[in-house]
Amino acid sequence: MKKYLKYISIACTALFLASCSDSYLDVNEDTNSPTIAVLGPELVLPVGQYWSAEIHNRDRYTNTLGNMFMVNWSQADGYSWYNDEFLYNVTTSFYSQIWDRTYRDALKNYRVLQAYQGDTYSNYRAIGKIMESYHFQILVDIYGDIPYFEALGRGVNPTPSYDDAQAIYEDLVVQLDAAMEMIDNATESAIVPSDDDTMFHGDMETWKKFANTIKLRVLVRQSGEGSLNSSFAGMSTIGFITDDVTVDPGYAMAENQQSPFWNAYGRDSGGNIINNNNATCATPFALDFLEGNNDPRVDYIYEHPATGHLGVPQGIADYDIPVVDQYDPIRVSNIGPGLLKSATQPAVIFTAADSYFLQAEAIFKGYLPGDAQVAYENGITASFDYLGAPGATDYYTQALPNVGWNASSNKMRAIITQKWVALNGVDAIQSWFDYNRTGFPANLPVSLRASTPDRPVRLFYPSSELTANAANVPSQPNAFTVKIFWAN
Amino acid sequence: MKTKFSGILTLLLAFVVQLTFAQEKMISGTVSDESGLPLPGVNILVKGTTTGTQTDFDGKYSISAKSGDVLSFSYLGLKSKEVTVGASNTVNVTMEEDTAVLDEVVVTAFGIKREKRETTYQTQQVDEELLNQAQSTRAASALAGKVAGLQINVQSNGVNPNTQIILRGLRSIGQSNEALVVIDGSIANIGAFDDLNPNDIESLNVLKGATAAAIYGSDAANGALIVTTKKGKYGEAITVGVNTTLTFEDVAYMPDFQTEYGTGWQGAYDPIENTNWGPRFDGTIRQVGPTFADGTFQTLPYSPVKDNARDFFEKGLTTQNTVYFSGGNDTGSLYLSFGNQDTDGIIPSDKYKRTTLKANATQKLGKVELALNSSFFRDETNTVGNTLGSQDRTLYWFILNQSANIPISRYKDWRNDLYSSPDGYYNGYYQNPYYMVDTSRDTDKTNRLTGNFSASWDVLDWLNLTGRIGGNFFAGTGKEWRDAQTFTDEYTRPSPNTSFVRDSEFQRTDYTFDFLANANFNILQDLTLKTVLGASSRTFQYHESRVQGDNLSVPGLYDLSNAQSIQGGFASGAYANDLEERQYGYFADLTFGYKNWLFLNASGRYDFTSTLRPEDNSYFYPAIGLSAVLTDAFPGIKNNVLNYAKVTVSNSTVYNDLGAEDIIESFTAPLGFPFENTSGFGLQNGFIDANIKKEKINTTEFGLNLSFFSNRLTLDAAYYKTITTDNIVATTTPNSSGGNSYLTNIGELEGDGLELSLGATILKSEDFSWDMTINYSSSKTVVNKITDDLTEVALSTSGEFGVYAVVGQEFPTVQASAYYRDPNGNVVINPTTGNPISTTELSGDNPQSGLKNLGTTTPDYIIGLSSSINYKNFRLSTTFDYRTGHVYYAQGSDAMEFTGRSQESVSANRQDFVWPNSVIETSPGVFEPNTNIPVTDGRQDFWTDVYNEIKENYVRDATAVKLREVALSYNLPAKYLERTPIKKLSLGVVGRNLLTWLPKENRFSDPEFSNNAGPAGNAIGIGGYFQGPPTRTYGLNVNIEF
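Quick note, the sequences are listed as chains Z and X, same order. To convert a position in the first sequence, counted from 1, into the working numbering, add 14. To convert a position in the second sequence, counted from 1, into the working numbering, add 1016.
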């Protein structure tokens, strides 16, 4: 018996000689993907910026939503693309991708930048803060109260609580000031980003101006709320962005690498016109305003069909009444060449025009020093420049109300209406916020298929929150009547 | 091998020579049982030689032997008998019942053999005859209905179908619920099982619960299928056989389409529409498709074309051939087989080929037996691509998007016929499906080598040492491509297709090492002890890569070098993944036996894994059980009716392991990265609990085995209960947390079930016998808890419908947007539009807000029935199975709504109508009948935008009765073969899934179809869109043995 036990133990030992060594089980490594231990912030930042551009420009993200609610876009015959938009079918899944992708893709990666400690990475942390503020403001403007202070905690706090919208707005100013201070106080050892910063290529002064412009947007939007004069102090000195803020990681005419707006509404990577291009077109309301004011931008914002400009009212029941095939894609004004430039066009996330119109409003209301008319006309010029349209001066010197500054009896109406034109197709969600706040442009029609006489003023919390954060998500305010705090 | 072959050749020669020796004489006779009935199929061997034969259907045999030779008669279930040949040329034999028949040996974990009476848990055996009765191309699908507690889901039915094997329902939310597969003693997997030629399988023993498999450690949680492949037998006559099957495949049924309305939009006729929202059919001749430059156009009568979608599909054809060789001498045995399968699918041009080779050999060297079991498998799949057209859709979508008045099958010749060509085809939005079939292909080739080598040494009478090395090497390559297509811009055409080519490859390697010491002791006079001490290790390595090139320069050259760009990025372009996982463990298994009627089994395994943090990577897996053969303990209870009774009880605790790299949070390049100037990595969405551990499953089982009327009626029953805690689940987190899932240990699942297997020999006479087995199994798993914060976890969801684990509900549960209803169940409508309100439109404070639980997707119970009727040389075998109590999400039906082909969309004649029995909520909680407010846009938009958004409409009763298999075979009587070298010739007709009965509300698809979705494929119950229509097969089988 003893003899055999010996054999057994020898066999056992032989079999497990390798197994029992300490390293035998040491194979659980990810050899395909990096972890934070080996990854620098210069490889994380461009991903955050990529998502900022996508969330703004993709099909059915913020820009599309604004263009639909602000009656810039409609639908050609033969498509049933925009039913929910025409029905104002605000549900927990309606445009929920804005919420989901902003938190999960953009903000998550910007928050990673805060993990890089020390003076060396102060610029990256500052950029992270600025971009977080940019996104959080838009989320507040769409949803009101949102997770903010506890958000993005991942394993530390998988179910963040919700914060008051106004309190978030107040903290955004604090965070933006802090970011600008970090840029000012960066030490010698601080790494300055280079081309990994696909927005400003490490130009930290421009980052500061961008932070200042976001702060301006935050302050102007709540400018109905109490006295803000002190908050504007020093902002003119820092200055605001004067060029369109764009993201360009190196967009190319290749699958998954096209500029997101082009990819969503232009052509595929093989150069073929896509369905969305044919399906999406002007409304009579937008065309009437442009053509009625002799606006040369009409041929840049919209494609000029051979048969002349034609818009489709949002939500018409029968495309063939009175004329069969009248609204075929070939006959209607689809999205124009000033917006759809090329597969490699840099992706806008904040327009210079917006910066100027925000300044115009702040100056007009007495928050900032300066000449509101200059800012207003700069805003129009910036829009012409973006679209590549000639004749800005000729346009805004016309003695037409809401076009020429002096001809406009209601300056706020002129500013917001022109901002609506300038942001058509580029950043129309900002016009929706302005509309909810000011009611301009006036006489904006509702969709013919709308189930209520009102236009939504906010979106529903997405189903992802209702199912996974049920204990925290507030009861859903009415999407048509309960405005965001700054619009009251 | 060379010596082996020459040895067999010698045997063959000896066999031939023996036949011619003069002193040999022909012995003949009849073998019968105790009641005098002749016994067919009794094996007769001249002892010490390889000369053997079998009795025919009349129990008659003849064999050549010398005086003094000993004839050995053997038959399963009867005592073997030996008779010495004397002067007489007639030897008649009566064989007696073997009282120990129920103590047949079962093969359990690690190839350990135990008498059935010793096992403290329930097992069920399926032998070759039952498994292969209908010559299924896949063994797994042939198991449906044949084992109580086993659920076989044929999830798709293309030329290379996908089958899921689930024992005793689902017990894990996030980890695999599929049974462990052990082939010839070594751990394999379901893929390796699927890749076996079913004709090479000798038998299958199903170890139903975790207890039986506990010594496998973390692989054990879901029970095990112990597969034994065919071996040559020592001293067996050489057999060479050919088995050929030819089967046809047809579409069994299509969804019920409406046939009242055709091409059009918003009620108006439109000659290029893919949808059926046109006017009512009126039989007039109308323009179909575009007007061409020369002013001409195609015309067709505006009336429905019967079966227009069904006629797209062709008759499939499968041939299967197996050539096998089996034989042995006193010290060696050999089984060789070669098989091939060649299939043309029901989708034009879909093809599948497979080749299998099997070589099993054993050799005795004194007290050591060496064994080699090996299988080689190769297959080639060539099917239509999966991402068709500019929208990357499946073929079925294109078929569903052709109008009811279009004779689809007329448009085959898209290269030459104008009306079938890309620019001339009628449909302005979705291309001709025949075009798709030819311009987008998905091709795969895989190779698999599975096998093991073992040495078993009978050191002493009571001691055996066995070592075994197993390997499973699986590798393959794939190429998928799509041609580019541009269209005229003269009139509306689909968006252009871009071209691409995608190359992929993978390699998977599994090694196992097992070492076992078996020792049997008689401790005291009435007390025995059987012990197994062992150790085993397992290594798993996986590698895959994939590259996609877009926009091919030279049309028709599907090579990466021909692409204008290579897609970047982890998610879809250039991608590689490597995984490695290791485990090892030590185990002991002790079985104490008292007077051969009471047995106590205790086993334990100490297991180490690479998937967890080193400080917390070891787990102990205990199992304990008791078995008592009551009829031996208390012989008094035995009588003419009851002849055997055994009860068992057992309990075990096993753990599910995590997967390789599951605990690592890493960064990946998003789709599109790297761009020309910019590289980047984003943090993965999921985040991971720093203290994650294995998932724990505790199982208790009670079993009862009874035999009546000398084993003519048997009943096996089991009741089990499982508790799963620390479920490893990626819980859904709000995106506001900075990710969308959190991998952690959560909740509690409680499952129980009852299994009954009734076997009966209903009739048995000289010419006629009828055997039947009925398997009943019920299983139910309820979610007791998720987390303190969460009451549900989504396994797979679109946001509007999905498969979930929900507290208080059975697992898994379908949830979907549903009708808002008043307390009486009436549908609440919107007073402005007249449209029903979806629960997803309700504000959060309404208790009905959100998705609604609409039922579980696993059956409450399954009844399988196998019957075998023998009359003379004919045999008729049938297997039915019935599943009920569950629902499925009919995804194909959802897709049909948009195209206006659903029956519902014509139920109100495409008019606005008042929703039946609807109510209006006049103030919160107050409902009044709606008698006059009709729905809005009942012509079209109501159906596509309102009805289609209430996904409850597509949750259907998944009950089904299927005639899974039917086979009629005829064995040519031996007397006709006497003068031929042929030993056996059988002819048969076989059919699979010939008949299916579905409830009236399910007019869409096979509820068994399911997308392979969710963690470990657990999101069962959404199907019918990616799979295409269900099919049935029927054909002929010939088996010849020499």
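Cβ coordinates follow ideal geometry from the N, Cα and C atoms, glycine included.
In the structure shown, what three-state DSSP assignment does residue i receive?
i          : result
HIS70(Z)   : helix
PHE1037(X) : Only weak support is given to the placement of PHE1037(X): the predicted model assigns it a pLDDT of 41, under 50, and the value that follows is read from those uncertain coordinates. Residue state, collapsed to three classes: coil.
GLY1355(X) : strand
VAL1922(X) : helix
ASN2060(X) : An answer regarding residue 2060(X) cannot be provided, because it is not within the stretch 1017 to 2058 covered by chain X.
ILE1485(X) : strand
GLU516(Z)  : For residue 516(Z) there is no data in the structure shown, the boundaries of chain Z being 15 and 502.
LEU1118(X) : Reliability of the predicted coordinates at LEU1118(X) is poor, the pLDDT of 48 falling under 50, and the value obtained from them is presented with this limitation in mind. Looking at LEU1118(X) - three-state DSSP - the assignment turns out to be helix.
For residue i, list the residues DSSP reports as bridge partners.
i          : result
LEU1479(X) : LEU1476(X), ALA1535(X)
GLN1180(X) : ASN1169(X)
GLU1764(X) : THR1741(X), LYS1801(X)
MET1111(X) : ASP1049(X)
GLU1937(X) : PHE1943(X)
ASP1566(X) : PHE1516(X), SER1581(X)
TRP1786(X) : LEU1779(X), ILE1885(X)
ARG1409(X) : LEU1404(X)
GLU1385(X) : LYS1380(X), SER1472(X)
SER1552(X) : ASP1530(X), GLY1601(X)
GLY1467(X) : SER1390(X), GLY1487(X)
When the Cα of residue i is compared with those of the options, which residue comes out closest?
i          : options                                        : result
GLU2017(X) : GLY1483(X), LEU2052(X), TYR1905(X), SER1470(X) : TYR1905(X)
ASN1376(X) : PHE1392(X), ARG1370(X), PRO1364(X)             : PHE1392(X)
LYS1801(X) : THR1749(X), ASP1742(X), LEU1772(X)             : ASP1742(X)
ASN1721(X) : LYS1710(X), LEU1774(X), LEU1476(X), ALA1387(X) : LEU1774(X)
HIS503(Z)  : LEU190(Z), ARG168(Z), GLY169(Z), ASN137(Z)     : Within the shown structure, residues of chain Z are numbered from 15 to 502, placing residue 503(Z) beyond reach of any answer.
PRO1512(X) : MET1452(X), SER1319(X), GLY1483(X), TYR1637(X) : MET1452(X)
ARG118(Z)  : ASN1756(X), LEU1772(X), ASP1973(X), ILE1885(X) : ASN1756(X)
ASN1633(X) : PHE1624(X), GLY1641(X), ILE1640(X), ALA1639(X) : PHE1624(X)
PHE2042(X) : SER2021(X), ILE1582(X), ALA1237(X)             : SER2021(X)
PHE1683(X) : PRO48(Z), SER422(Z), GLN432(Z), PHE364(Z)      : PRO48(Z)
LEU1870(X) : VAL1819(X), ASN1488(X), TRP1613(X)             : VAL1819(X)
LEU1988(X) : LYS1888(X), GLY1860(X), ASP1454(X), GLY1866(X) : LYS1888(X)
ALA1821(X) : GLY1815(X), ALA1810(X), SER1814(X)             : ALA1810(X)
GLU99(Z)   : LEU462(Z), ARG235(Z), ALA367(Z), ALA300(Z)     : LEU462(Z)
Tell me, to the nearest whole angstrom, how far the beta carbon of residue i is from that of residue j; I am working on the premise that it is less than 8 angstroms.
i          : j          : result
ASP1732(X) : GLN1140(X) : 7 angstroms
LEU1411(X) : THR1915(X) : With 8 angstroms as the limit, LEU1411(X) and THR1915(X) do not qualify as a contact, their Cβ atoms being about 15 angstroms apart.
ALA192(Z)  : ASN137(Z)  : The Cβ separation is near 13 angstroms, so there is no contact.
MET959(X)  : VAL1047(X) : The question about residue 959(X) has no answer here: the residues shown for chain X are numbered 1017 through 2058.
PHE1603(X) : ILE1231(X) : 4 angstroms
ALA1491(X) : PHE1522(X) : 7 angstroms
Taking 6 angstroms as the cut-off, is the CB of residue i close to at least one heavy atom of the ligand GTP?
i          : result
GLY1696(X) : Judged by which ligands are present, the structure shown has none, so any question about the ligand GTP falls away.
Looking at chain Z, which residues of the segment 1488-1522 of chain X have a Cβ within less than 7 angstroms of any of its Cβ atoms?
-> ALA1500, THR1502, THR1508, SER1511, PRO1512, THR1514
Which residues, in order along the segment 341-366 of chain Z, keep a beta-carbon less than 7 angstroms from a beta-carbon of chain X?
-> none
Pull out every residue of the segment 379-410 of chain Z whose Cβ sits closer than 8 angstroms to any Cβ of chain X, in chain order.
-> none
In chain order, what residues of the segment 134-150 of chain Z put their CB closer than 7 angstroms to some CB of chain X?
-> none
Interfacial residues, the segment 99-117 of chain Z to chain X, with Cβ spacing under 9 angstroms = LEU101, ASN103, VAL104, THR105, THR106, SER107, SER110, TRP113, ASP114, ARG115, THR116, TYR117
Would you list, in chain order, the members of the segment 1694-1705 of chain X that have their beta-carbon closer than 9 angstroms to a beta-carbon of chain Z?
-> THR1694, SER1695, GLY1696, PHE1697, GLY1698, LEU1699, GLN1700, ASN1701, PHE1703, ILE1704, ASP1705
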